[in-house]
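Numbering (our numbering), first residue to last: 3 to 823. Heads up, the beta-carbon is just placed ideally off N, CA and C, and yes, glycines get one too.
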C-alpha cells in the first residue's frame, strides 16, 4: 500500500490552484496528517515549494509520475479543522489560493528551509576553478565554498553575486558535479527554557558539605535562598543573593543542587499601569452590558455599540470579557493601530493577568511564537491585537470585540485582501459566539445593518461621569490667506496653546502627513522632483535633508539648484509633522514636543516608549499622524488641534467624507476626558462643509443621515458593492492591453452567462497613483452584489486571465469594496 497526500502548494497560481497528489515516503507516514505543513517538489524544475496536506488516502499501486514529499514540519505548523475550513472560505471570498489563505493562520517563523552548497567530495578549490577558468562568477562561488568540505548557506553566496548570476552559476556547477546541494529544514524559533534549582539534600547537610574559603558566606546564603522554594530559577538566585552563576554550577557538579529545565515564554514587557479596581459602571453602561449579555452565548450574534468618545466603552469591554470567561469561554479584542496596544494591554493585564496574549507586528518572532503557543495550549484565554490577531488559535471563543470598527486598517491591502470584521463573523458562527463592534463613529455599513435590524444596536450617548464633550472652535483660515500666507499654527490655535502652556496642561496636535514639506518646486520653471519608481512627488524631510517617497522608500539629496533650469529658486510647498515641530519650537522657545509618525516609531517599542513619556508629563505637546487620533487616554490633555482638516476631505474617494468625519471626531475626543474642560481647534479652508460642521458638533446621527443619502445616490456601499480589478505590469502598453482585454471579457460575461449581473464596466483607468514601485497600474471595476454568483464571476475572470499567455508578466488582483489603491 502507498500513502498519497493531496497537497495545496504555494507555487500554484490561482488558475491552477487545486490539490496535487504526492507520495508520502515510509519514514514520513506517521507525520502525514491533514492540515500539516509540508515541503514538496513542484513543476518541471522540481523546485521546492511549501504546502498544506488537505487529505491522505491509501492506494494499492504506486501512481506513475507522482513525486514524493520532501519534508513534513512538526505539529506546531499545522492547521486544525477550523483553520482548514476558514482557509477554504477565505479562498472563495477573497479570490486567493488555498495556500495564501491558510498561511494567514500560521505564526511566522515556525518553519524554515535553507539551501546549502559545498564542493564535490575530493575536489579542491584549485581543481574546481580550473574547470571554470573562463567564468569569473563560477570561480568566485568555488572560492567561497572553500576546501574544508563545510556546507555554505545560499545567503552567503548572495553577498558576492546578483540573484540572476548566482542562479545561472549554481545550475551549471550542479550539472557539472562541481558542487553538491543540500536542503535543511528547521523548526523556526526554539522553545525557551530556564534552569530551575532545588537542593539535592537537606539544607544542613548541604551547608556542612560546602568548602570554606572565598565566597563561603555567599554560597551559604544561596543555599538558604534555594531551600525556601520547591524550585527557583537560577537567574532569580543570582539576582537575590548576588552569587555568580559559575558558583551555582560548581555546587550542582558537587551534588549539592539538582537542576531541571523548564519551558518559559517570551512575554511582551508590560510597564506598570493601573491597579485592577472593581468596575463601577454608570447606569448607561450597565444597561448596555445587560442587553448584550441577554443575547447569550448559545448561538452566534452581532451587536453594534455606538458610544461618544470618552463614554467608557473599554470598561464595557472588560465587563463583558469577565462575563465570557465566567461562562468558560474565551475572548478576543482587536484594535486598528499598534499604538493603541500598550495602553489597552496595561489595562487588560491589570484585570486578566497571565490570561492575556498580545499579537501585533512589533513583536519579535520568538515572542509571536510563544504567544501563539500560549493561546493554542489554553494558557491564555484573552487575545489582544491588531488585524492579524483575528486568526489567533483560540478555542471555545465566546466574544470577539472590534474596537474602532470603522477603521480601514482592519482591511488587508495585500492578497488575501480580507477584512477582519468578516473573518470575525465567520469565527463567531463557528464557535457560536458574540461579535461586538464598538466605535464613536461606526462604519456606514455597520450603522446601516443596525438600522435594518441585522445587528443589535446599543448606544452610550454620554461621557463617563457626565464629563462634557470638548468645546470645538472652527478656525476659518481663508481670512488669514487673504492677508497673506497663513501660519501653520493659526491664531486661534496659537492662543489656546499659550493658555495650555501657562496652565501646565498638555495638548495633542494632529496632522496626517509626515515629513517637512509636501513637495519641492522650482519657482522659475515649475519643476517638481518625482520619485523614480512611483508617479508621486517626493516629500522633503528636514532631519536628513533628503527628498523621500512614502510609498517605496526611494530618496535623494535635496538639490541646491533646479535640475531642469539650473536656477536656485527652489521653494518648499505645504507642510508635514517635521515642519510643524520646527514652527512650534520657533513660536514657543523651550517647548517640549513628542512627535509620533512613521519616522519616529521605527523601533519595536517606539509607540509604548513615546506614549509613556507623554503620560509621565515629559512633553507638553504630542504631535502626530493618524496613530495618535484614537484610543489614547491621558488625564492632562485638554486641547486638541487639527492642523489641516481638509487634507483627506477632497481625495475623490467615496469614503472621503466618512474617513474625515471619523478622524476629526476621534482626535477631538482625546481632549477633556477627566474633570478639566476640553477644547479643540479645527483649522480649515471650508468651514461650511457639512462634514466639518457635523464633526465640530460631534453629531454622528446628523452626519449619517447626510452621508447615507449620498451613498444611495452614488450606488456605493451599503447599497451596492464595488468589485475592482487592479492590473500591474512593468510596461505601460502591455498592462493597458491586458486591462482592455479584461474589460472586454467582463462585458462579454454580462452579455452571456452572467447577464443577471449586468452593470456598466468602468475603465480601464489609471488609479490615483498610476506607477508604484516601477509597476504601471490600471483599474477595471463594476458595481454589483457581494454574493456567490458575483464571486464565481470574479474567479472565472481570474482563471481565464492567468490562463492566457498574452497576460504573462501582468499581475491581476480582485477585491470587493477596496479601501485604497
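First and last residue of the uninterrupted alpha helix (DSSP H) at residue i
i	result
residue 537	That residue, residue 537, is in no alpha helix (DSSP H); it is neither H nor E in DSSP.
residue 367	367 to 378
residue 692	692 to 698
residue 95	83 to 96
residue 797	790 to 805
residue 702	702 to 716
residue 588	579 to 589
residue 133	127 to 133
residue 739	734 to 753
residue 611	608 to 617
residue 318	315 to 328
residue 228	218 to 229
residue 291	285 to 295
residue 101	100 to 105
residue 524	No alpha helix (DSSP H) holds residue 524; the beta strand (DSSP E) holding it covers 521 to 524.
residue 253	247 to 255
Minimum C-alpha distance to residue i - residue among the options
i	options	result
residue 479	471, 470 and 495	495
residue 238	199, 620, 591 and 203	199
residue 69	755, 91 and 43	43
residue 574	523, 90, 635 and 562	523
residue 556	570, 566 and 541	541
residue 236	656, 260, 722 and 213	260
residue 349	366, 380, 317 and 371	317
residue 125	515, 181 and 108	181
residue 618	636, 729 and 55	636
residue 705	443, 503 and 535	443
residue 475	715, 694 and 97	694
residue 361	347, 353, 355 and 354	347
residue 263	196, 741, 143 and 212	196
residue 150	122, 142 and 627	122
residue 393	105, 12, 355 and 253	105
residue 530	387, 521 and 536	521
residue 509	254, 539, 622 and 345	622
residue 36	76, 548 and 699	76
residue 749	763, 173 and 232	763
residue 816	754, 594, 741 and 756	741
residue 735	808, 679 and 612	808
Bridge partner(s) assigned by DSSP for residue i
i	result
residue 725	784 and 818
residue 23	8
residue 510	624 and 642
residue 559	548
residue 405	440
residue 235	198
Contact set for residue i: own chain, Cβ-Cβ below 7 Å, skip 5 residues either direction
i	result
residue 396	332, 334, 377 and 385
residue 787	723
residue 247	236 and 240
residue 290	307, 318, 460 and 462
residue 648	686, 687 and 688
residue 146	154, 158, 159 and 162
Contact set for residue i: own chain, Cβ-Cβ below 8 Å, skip 5 residues either direction
i	result
residue 297	303, 305, 436 and 458
residue 681	472, 473, 474, 475, 498, 640, 641, 642, 673 and 674
residue 223	243 and 245
residue 50	41, 42, 43, 44, 72, 115 and 185
residue 11	22, 42, 44, 51, 52, 53 and 101
Span of the beta strand (DSSP E), counted from its first residue to its last, around residue i
i	result
residue 475	473 to 478
residue 682	681 to 686
Cβ-based neighbour list, residue i, same chain, cut-off 6 Å, excluding 5 preceding and 5 following
i	result
residue 2	Residue numbering for the chain in the displayed model covers 3 to 823; residue 2 lies beyond these limits and cannot be assessed.
residue 760	752
residue 477	492, 494, 683 and 685
residue 526	567, 569 and 571
residue 242	227
Say whether the stretch 112 to 127 touches the stretch 15 to 30, bearing in mind that this needs 3 or more beta-carbon pairs closer than 8 Å, one atom from each stretch.
Flag = no, the stretch 112 to 127 and the stretch 15 to 30 do not touch.
With a threshold of 8 Å, are at least 3 pairs of Cβ atoms found where one atom belongs to the stretch 667 to 675 and the other to the stretch 709 to 728?
They do not touch, by the three-pair rule.
Does the structure place the stretch 638 to 655 close enough to the stretch 433 to 449 that three or more beta carbon pairs sit under 8 Å?
Output reads no: the stretch 638 to 655 does not touch the stretch 433 to 449.
Three or more C-beta pairs closer than 8 Å, one from the stretch 65 to 79 and one from the stretch 134 to 150: is that the case here?
No, the stretch 65 to 79 does not touch the stretch 134 to 150.
Looking at C-beta atoms only, is the number of pairs between the stretch 716 to 736 and the stretch 778 to 798 that lie closer than 8 Å three or more?
The stretch 716 to 736 vs the stretch 778 to 798: in contact.
Can you confirm whether the stretch 309 to 328 touches the stretch 397 to 417 when touching is taken to mean that 3 or more C-beta pairs between the two stretches lie within less than 8 Å?
Yes, the stretch 397 to 417 is in contact with the stretch 309 to 328.
With three or more beta-carbon pairs closer than 8 Å as the criterion, would you say the stretch 545 to 565 touches the stretch 462 to 471?
With the cut-off at 8 Å, the stretch 545 to 565 and the stretch 462 to 471 do not touch.
Is there contact here, the stretch 250 to 259 with the stretch 206 to 220, by at least three beta-carbon pairs under 8 Å?
Using a C-beta cut-off of 8 Å, the stretch 250 to 259 makes contact with the stretch 206 to 220, since at least three inter-stretch Cβ pairs fall below that distance.
Contact between the stretch 413 to 425 and the stretch 90 to 109: three or more CB pairs below 8 Å?
Result yes; three or more Cβ-Cβ pairs closer than 8 Å.
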